Every structure is written in structure tokens, then in C-alpha cells.
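One structure is given below, encoded as C-alpha cells.
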Amino acid sequence: MLVYNTEVSLIMKPILQVDLSSIKDTPGLSLTVSNRLDLPNVSWEGERLLEFINPWRIELTVTNVNRGFQVSGKLNGSYRLNCDRCLEKVQSELTTDLEGLFLPEQTVNEIGGEDEEEATTITGDELDLSVTILEAITLQLPLKILCSPNCRGLCSVCGTNLNDNSCNCQPESLDPRLATLLQWKQDEGGGNSGQS
Ligand SMILES: [Zn+2]
Ligand SMILES: [Zn+2]
């Protein structure tokens with residue numbers, strides 16, 4: 009369920025607001041928006057910074073569907089995220105659909121059906137698509153970001169980027185989690201023999 013997050017929209021400058029006054033009184037009427045957007049950098053999955061390379065492009069149609077407004081469109085642009093292995097910035101392009109049903113607050117309260125669960129609530133004549141846009145993009149981001157399929161990553165000992173340089177560290181043959189377990193077993197063994 010999409011929740012219209014007023015906190016987010018208060019903190020950041022709105023990305024895109026659509027004035028509904030020309031279609032709000034006539035069901036069936038629609039308006040189109042074709043625009044360039046400046047997207048703010050946002051944090052993604054905790055520590056990562058999602059950097060947008062502006063401007064992004066958006067094309068959308070907003071239709072008055074009687075009980076509310078249906079938004080349907082496309083977004084396209086480029087962004088940068090850190091490679092999962094070597095942490096270098098990786099630039100990628102993304103095109104995503106933008107779909108959403110927006111209902112006036114009183115409609116949501118009166119009807120409250122299944123469709124309404126998926127809908128975003130609006131107040132007034134302005135449709136603020138900031139959260140919808142950022143959600144549409146972040147949902148399309150790949151789970152794994154790699155600068156190249158054979159990125160060698162960072163040395164787990166000294167942190168050298170192994171794509172650019174080599175180092176003299178011993179290659180880690182053990183999974184770090186297994187190494188911790190072995191260390192723990194050793195410690196425990198020593199402790200027991202000391203106590204008994
Ligand atoms: Zn990499
Ligand atoms: Zn190293």
C-alpha cells in the first residue's frame with residue numbers, strides 16, 4: 009500500500025505537482041504532463057546514496073475517473089550507485105512506468121474498498137507526485153549493482169581496489185563468518201580446559 013508521506017514532501021522540495029483544477033469537475037477529462045525533472049539525491053537501503061543525474065524526463069496522463077484521478081506514465085533518466093563489491097560509483101539508465109490511483113480524502117473515508125487500499129490520498133487540487141516518482145524508481149533498481157560482472161572488489165584485508173591495483177595480502181581462503189566460528193571454538197576449547 010502506498011502511503012502519501014507528508015513528512016517526506018515537507019522535507020524536500022516537491023519534485024512534481026500537477027494542477028488538477030482543469031479536469032477536477034469533469035469525469036473522463038484528462039491532462040498530459042511532459043516535463044523535465046530535477047530529482048534530489050536520496051538514501052537507499054540504509055547507507056547507500058542514490059544520485060540522480062538530472063534532468064530526468066517524465067511523460068504522464070492524469071485522468072479524472074470520477075471518484076478520483078488515475079495517473080499513467082513513464083519516467084526515464086540516469087543515476088549513480090556504488091558498486092556492491094568495489095564501492096566505485098556506477099552509472100546506469102532506467103525507464104519505469106508510473107501508475108497510481110489518487111483519491112480525494114473524503115472518498116477514501118466514505119468508500120474504503122479494495123481499490124482504495126492501493127490508492128494514494130490527495131487533498132486539494134494539487135497532485136503531488138514526489139513520493140510516487142521516487143517509489144517507482146527505487147522499486148526498479150537492480151538488487152545487485154556491479155561496475156562490471158567480473159569486478160574483483162576490495163581486498164578484505166587492506167581495502168585496496170583490486171580492479172586497479174594488487175596488494176601482498178594473503179588471500180582470504182575462509183568465509184569470514186566461518187573464520188569467526190573457528191576462532192570462537194578455539195577460544196572455547198582453551199577456556200574449558202583451563203576450568204576443568
Ligand atoms: Zn566494482
Ligand atoms: Zn590487501
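When we follow this note's numbering, the leftmost residue of the sequence shown carries the number 9, and every step to the right adds one.
Built from N, CA and C at the ideal position, the CB exists for glycine as well.
Predicted model only: the values in this text are computed from it and were never measured.
Any idea which residues DSSP pairs residue i with across the strands?
{"i": "Thr104", "result": "Leu83"}
{"i": "Gln78", "result": "Thr71, Leu109"}
{"i": "Asn169", "result": "Leu162"}
{"i": "Lys97", "result": "Asn90"}
{"i": "Ile153", "result": "BP columns for Ile153 are empty, so no partner."}
Using only alpha-carbon positions, find the residue among the options that is nearest to residue i.
{"i": "Glu23", "options": "Ser100, Glu113, Thr140", "result": "Here residue 23 turns out to be Ile, not Glu, going by the sequence shown. It is Thr140."}
{"i": "Asn63", "options": "Asn74, Thr34, Asp92, Glu101", "result": "Sequence inspection shows Pro at residue 63; the Asn mentioned does not correspond to that position. Taking only the C-alpha atoms, the option nearest Pro63 is Glu101."}
{"i": "Gly167", "options": "Pro157, Asn158, Gln178", "result": "Gln178"}
{"i": "Gly76", "options": "Gln99, Lys21, Leu111, Leu47", "result": "Leu111"}
{"i": "Tyr87", "options": "Asn176, Cys159, Arg56", "result": "Arg56"}
Can you look up residue i in the DSSP assignment and give me helix, strand or coil?
{"i": "Thr129", "result": "strand"}
{"i": "Glu178", "result": "Checking the sequence, you will find Gln at residue 178 rather than Glu. Here Gln178 sits in coil by DSSP."}
{"i": "Leu39", "result": "strand"}
{"i": "Ser51", "result": "strand"}
{"i": "Ile145", "result": "helix"}
Using the Cβ count rule (16 or more neighbours within 10 Å means buried), how would you classify residue i?
{"i": "Leu68", "result": "buried"}
{"i": "Val165", "result": "exposed"}
{"i": "Gly132", "result": "exposed"}
{"i": "Leu147", "result": "exposed"}
{"i": "Thr103", "result": "exposed"}
{"i": "Arg44", "result": "exposed"}
{"i": "Ser138", "result": "buried"}
{"i": "Ser204", "result": "For Ser204, the pLDDT reaches just 40, beneath the cut-off of 50, and the residue's location in the model is therefore unreliable, leaving the point undetermined."}
{"i": "Gly108", "result": "buried"}
{"i": "Leu142", "result": "buried"}
{"i": "Cys175", "result": "exposed"}
Nearest chain B C-beta to residue i closer than 9 Å, yes or no?
{"i": "Cys155", "result": "Chain labels in this structure do not include chain B; a single protein chain is all it has."}
Since I believe residue j is in contact with residue i (beta carbons under 8 Å), could you give me their beta-carbon distance rounded to a whole number of angstroms?
{"i": "Leu58", "j": "Val70", "result": "Not confirmed; about 26 Å, so no contact."}
{"i": "Pro35", "j": "Asn72", "result": "5 Å"}
{"i": "Leu170", "j": "Leu162", "result": "7 Å"}
{"i": "Leu135", "j": "Leu37", "result": "Wrong, their Cβ atoms sit about 14 Å apart, outside the cutoff."}
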